[in-house]
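K.L.:
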Amino acid sequence: MSNLVQNFQEYSSWRKDVAQAIEQYRAWIAGSDFADSALDQKIARLKERLADDKLTIAFVAEFSRGKSELINAIFFADYGQRILPSSAGRTTMCPTELMYDETIPPCIRLLPIETRSETLSTTEYKGHHQIWTVLPLDPKSGDGMLEAFKQVSLTKKVTKEIAKSYGLYDEADPDAVLEVDENGLVEISQWRHAIVNFPHPLLKQGLIIVDTPGLNAIGTEPELTLNLIPNAHAVLFILAADTGVTKSDIDVWRNHIGGGPGRMVVLNKIDSMWDELRTVDEVESQIKHQITTVAHNLSIEANQVFPISAQKGLVAKINKDASLLAKSRLPKLEYALSKELIPSKKNIIRAQLSTDIQEIADGQQAIIVARARGVNEQLHELKSLRGKNQNVVEHMMKRVTMEKQEFDASLIKMQGTRAVFTRLSTEVYTTLGMDMLKAEIATAREAMEKSKFSLGLKEAIKEFFEQVKLNLTASNRKTDEISEMMSIMYRKFSTEHGLALTSPMPFSLDKYLQEVSAIEQVFLRQFSTITLMTTSQKVLMQKFFDSISARVKQSFSQANRDVEAWQKVVMAPIEAQIREHKNQLKNRMQSIQRIHVATDSLEEKITSFETMYAEVEAQKKTLEELRNNINKALASEMSAV
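To convert a position in the sequence shown, counted from 1, into the numbering used here, add 9.
(1) Check P690 in the structure and name its three-state DSSP category.
(2) Where does A607 sit, in a helix, a strand or coil, going by DSSP?
(3) Whose C-alpha, out of H298, I83, S21, is nearest the C-alpha of P340?
(4) Would you mind working out which of M498, R432, L446 sits nearest Q476, comparing C-alpha positions?
(5) Taking the continuous alpha helix (DSSP H) assigned at M494, which residues delimit it?
(6) Express the C-alpha separation of Q586 and Q424 in angstroms, rounding to a whole number.
(7) Going along the chain, which residues of its own chain have a beta-carbon closer than 7 Å to the beta-carbon of E490, five neighbours each way excluded?
(8) Identify which residue in V274, E291, Q546, D280 has its Cα closest to the Cα of I309.
(9) Does the beta-carbon of W4 have 16 or more other beta-carbons within 10 angstroms, so that it is buried, or is it exposed?
(10) What did DSSP end up calling G98 once you bin it into helix, strand or coil?
(11) Run the CB neighbour count on G98, radius 10 Å, all protein chains shown included, and call it buried at 16 or more, exposed below.
(12) Can you check which of these residues, K422, R486, N277, I376, is closest to S73 by C-alpha distance?
(13) If you reduce the DSSP assignment to three classes, tell me which class S645 lands in.
(14) On the premise that Q90 lies in contact with G136, defined as a C-beta separation below 8 Å, what is that separation, rounded to the nearest angstrom?
(15) I need the straight-line Cα distance from R636 to A319, nearest angstrom please.
(16) Round the Cβ separation of Q199 and I122 to the nearest angstrom and send it over; I've been treating them as touching at under 8 Å.
(17) Would you list, in sequence order, the uninterrupted beta strand (DSSP E) runs of no fewer than 3 residues that lie entirely inside the region 42–79?
(18) For the region 526–535 and the region 556–565, state whether three or more C-beta atom pairs, one from each stretch, are separated by less than 8 Å.
(19) In terms of DSSP beta bridges, what is L518 paired with?
(20) Can you tell me whether P121 is helix, strand or coil according to DSSP?
(21) I need the DSSP call for I92, collapsed to helix, strand or coil.
(22) Specify the secondary structure class of F246 as computed by DSSP and reduced to three states.
(23) Does DSSP put L163 in a helix, a strand or coil?
(24) CB-CB under 8 Å to I266, same chain, minus the five flanking residues each way: which ones, in chain order?
(25) Could you give the residue range of the beta strand (DSSP E) that holds E196?
(26) Please state whether the Cβ-Cβ distance between I217 and M102 is less than 7 Å.
(27) Indicate the three-state DSSP secondary structure (helix, strand or coil) for D220 in the structure shown.
(28) Check whether the region 486–500 and the region 447–462 are in contact - that is, three or more C-beta pairs closer than 8 Å.
(29) What is the DSSP secondary structure of V254, reduced to helix, strand or coil?
(30) Relative to the C-alpha of K165, which residue among I197, S503, I52 is closest?
(31) Counting pairs of Cβ atoms below 8 Å between the region 507–516 and the region 569–585, do you hit three or more?
(32) Per DSSP, which one or two residues make a beta bridge with L146?
(33) Rounded to whole angstroms, how far is the Cβ of V548 from the Cβ of S174, which I believe are closer than 8 Å?
(34) Does the Cβ of S617 have 16 or more other Cβ atoms within 10 Å, making it buried, or fewer, making it exposed?
(35) Using 7 Å as the threshold, is the C-beta distance between S337 and G322 below it?
(36) Compare the beta carbon distance of D179 and S645 with 7 Å and say whether it is the shorter of the two.
So this is what it looks like as structure tokens:
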């Protein structure tokens, strides 16, 4: 088993352990008198985040660099044969995602290339199941799967006009003439996108493999540029040891991949340098020279370049040839990938969950502390009644009644704050609502349709981004206003009534502003240098805007969900404390009302409250143990790294 596979399996086990600890916490809360629908919803979202957590690895290369062979070698060697087609020339003609969804049977879903003439992006088409061509997949048949995968590489020939309408033929490209056959037809992929639903053990555990077509597709398929490559946790950029780095390689690396965590360069086909007429040292020297050259041309460190032979690595794994596997250097790449990818992803998830669990546990802890303090105060009051006359009891009754009146008055004032909260919460959506965004998209599309020049097209998209960012900023101001109002309310109840309230849960839409800005930068990199625009380039820009708008809609949709969830839970801590305080005041009044100077009645009540205090202390201990279990599961390390 490779280090990468072992690490991923351990990462999956880690997620399950954390989810189990969170579920134990949730079950205890649900069975206690601390149960709260908003709290339960928040814990449920934590579990959903763990369950939906995916790790995406994208493979990017020009054709004939051995990309499909590398995927076979890393992930599918256990099948004893190639699963992805691997031969000279192009074998991947459209972006392909390998994943697993247990709700549907194993299959290959294929999106027809004709959908490029429509305004919907690939992401949006994922929700239109009737558009896709679905082919069954038999995971038990290696030959059957190989044949099914070959469907992904099917092509068709169309006229130049049709290819231009899809944004797949640019007459201004000096190499365009090479794409036209003797009949004036252009060969294009039959499919726009492929999704392979395959029950591979790693895919079952949340791995997604993205297999990209040649580098020219990076510039023509917005889904790659805007979603699949930027959002991948690891990108393997594959070069060939015998060709080195080309100009198109450099452009794609700088504009679409770049440095950063999880970005690696694979120098494949080092077996082409294995030569009986050269010594081992001479071969090693040549490989090192290629590494240095690649690192220099891509402006990266030499240790980011991994020389391998995917083909020999696959053969070695199938034949269980340890010496050939070592010579292929594939294990070094797998180790580096597992060391780079999984721990960094785990740390991100761990940090997010730790923060959320801390907020939840602190809220529950505050309620228990308040309850313990209230019970202790009542116990102290009861004990102080020993040997006292009825006047003292009446005095205490008046004091508690006054406290209740003051608290009820505060609750009445709180209703006014609630009304403001409701108004501001509604106003957030005046600039964040999806209908507003759809109107902005329609306005930008209309402006693009009317424009005949590149400047007008770019100006329409620029205005779209400016308006979107203005709307997000306006919504952000409203959430800031809500946060400030809630902070004042929290401080008021803490000061006046001794409620154990910390600051309300913070919230910001800044990350969505950053997402939109990042999407804008991708567009600028793609089209900023274009001054005169051909028909095919205009079509391509419109296709990019379709994907841009879909990506922005995704961000806004998530922002809406986050705002809605925050609005539900931001009031939860103070509401829980208010309920607890009201119950304590009620219990104190009932206790004092029932007490007479009779010693047996008083002692019975004291015993009851001593028992109650012990129960609260036990609850506090249980809650702390459950929180420690979650923290222990989060902190656990994996042995393979």
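Idealized CB from N, CA, C, for every residue including glycine.
Every value quoted in this text rests on a predicted model; they were computed, and no experiment measured them.
P.N.:
By the coordinates alone:
(1) As shown, the chain starts at 10 and ends at 650. That puts residue 690 outside it, with no answer to give.
(2) By one-based count along the sequence shown, residue 607 stands at place 598. With a pLDDT of 49 at A607, under the threshold of 50, the modelled position of this residue cannot be trusted; read the value that follows with caution. DSSP, read as helix, strand or coil, puts A607 in coil.
(3) Working through the sequence shown from its first residue, we reach residue 340 at position 331. P340 has its Cα closest to that of I83, out of H298, I83, S21.
(4) The residue you call residue 476 lines up with position 467 of the sequence shown. Taking only the C-alpha atoms, the option nearest Q476 is L446.
(5) Position 485 of the sequence shown holds residue 494. 463–506 is the extent of the alpha helix (DSSP H) around M494.
(6) In the sequence shown, residue 424 corresponds to position 415, counting from 1. In the sequence shown, residue 586 corresponds to position 577, counting from 1. A straight-line Cα-Cα distance of about 16 Å links Q424 and Q586.
(7) As a position in the sequence shown, residue 490 is number 481, starting the count at 1. Sequence-distant Cβ neighbours of E490 in its own chain, meaning closer than 7 Å and more than five residues away, are L433.
(8) For the purposes of this step, residue 309 is taken as residue 300 along the sequence shown, with counting starting at 1. V274 is the residue among V274, E291, Q546, D280 whose C-alpha sits nearest the C-alpha of I309.
(9) This structure does not reach residue 4, given that the chain is present from 10 up to 650, and the question cannot be answered.
(10) Here residue 98 is taken as the residue at index 89 of the sequence shown, counted from 1. Because G98 sits at a pLDDT of 49, beneath the cut-off of 50, its placement in the model cannot be relied upon, and the following sentence gives the value as read from the coordinates. Look at G98 here: in three-state DSSP terms it is coil, with no helix or strand label.
(11) As a working note, residue 98 is residue 89 in the sequence shown. Model confidence at G98 stands at a pLDDT of 49, short of 50, so the residue's coordinates are unreliable; what they give is reported in the following sentence. Exposure of G98 is indicated by the presence of fewer than 16 other C-beta atoms within 10 angstroms of its C-beta.
(12) Residue 73 sits at position 64 when you count from the first residue of the sequence shown. The shortest Cα separation from S73 among K422, R486, N277, I376 belongs to N277.
(13) As a first step, residue 645 is located in the sequence shown; it is residue number 636 there, counting from the start. Correct three-state label for S645: coil.
(14) As a position in the sequence shown, residue 136 is number 127, starting the count at 1. As a position in the sequence shown, residue 90 is number 81, starting the count at 1. In this structure, G136 and Q90 do not form a Cβ contact; the two beta carbons are roughly 35 Å apart against a cut-off of 8 Å.
(15) Counting from 1 along the sequence shown, the entry for residue 636 is found at position 627. Counting from 1 along the sequence shown, the entry for residue 319 is found at position 310. Roughly 46 Å between the two C-alpha positions.
(16) The residue you call residue 199 lines up with position 190 of the sequence shown. The residue you call residue 122 lines up with position 113 of the sequence shown. 6 Å between Cβ atoms; contact.
(17) Secondary structure in the region 42–79: the beta strand (DSSP E) runs of 3 residues or longer, each lying completely within the stretch, are 64–70 in chain order.
(18) Yes, the region 526–535 touches the region 556–565.
(19) If you number the sequence shown from 1, residue 518 lands on position 509. Answer is none; L518 lacks a bridge partner.
(20) Along the sequence shown, one-based indexing puts residue 121 at 112. If DSSP states are grouped into helix, strand and coil, P121 belongs with the strands.
(21) Within the sequence shown, the letter at position 83 stands for residue 92. Note: I92 maps to coil in three-state DSSP.
(22) In the sequence shown, residue 246 corresponds to position 237, counting from 1. In this structure, DSSP gives F246 an extended state, which the three-state scheme calls strand.
(23) Against the sequence shown, residue 163 aligns to sequence position 154. Note: L163 maps to coil in three-state DSSP.
(24) Position 257 of the sequence shown, counted from the start, is the residue given in the question as residue 266. Cβ within range, chain order: V69, I238, V244, F246, R272.
(25) As a working mapping, residue 196 is identified with position 187 in the sequence shown. Segment 194–198, the beta strand (DSSP E) holding E196.
(26) Counting from one through the sequence shown, the residue named residue 217 turns up at place 208. Counting from one through the sequence shown, the residue named residue 102 turns up at place 93. It is not a contact, given that the beta carbons lie outside the stated cut-off.
(27) Here residue 220 is taken as the residue at index 211 of the sequence shown, counted from 1. Annotated three-state conformation of D220 is strand, per DSSP.
(28) The region 486–500 makes no contact with the region 447–462; the number of CB pairs closer than 8 Å stays below 3.
(29) To locate residue 254, count along the sequence shown from 1; it is residue 245. V254: coil per DSSP, three-state reduction.
(30) By one-based count along the sequence shown, residue 165 stands at place 156. Of the candidates I197, S503, I52, I197 places its Cα closest to the Cα of K165.
(31) At 8 Å Cβ cutoff, the stretches touch.
(32) Looking up residue 146 in the sequence shown gives position 137. Residue pairing of L146 in beta bridges, as defined by DSSP: absent, with no partner found.
(33) In the sequence shown, counting from the first residue as 1, residue 548 sits at position 539. In the sequence shown, counting from the first residue as 1, residue 174 sits at position 165. With a Cβ gap of about 6 Å, V548 and S174 count as contacting.
(34) Reading the sequence shown from its first residue, position 608 is the one you call residue 617. With fewer than 16 other CB atoms across the displayed protein chains lying within 10 angstroms of its CB, S617 is exposed.
(35) On the sequence shown, residue 337 is found 328 positions in, with the first residue counted as 1. On the sequence shown, residue 322 is found 313 positions in, with the first residue counted as 1. Yes. Within cutoff.
(36) For the purposes of this step, residue 179 is taken as residue 170 along the sequence shown, with counting starting at 1. For the purposes of this step, residue 645 is taken as residue 636 along the sequence shown, with counting starting at 1. With contacts defined by Cβ atoms closer than 7 Å, D179 and S645 do not form a contacting pair.
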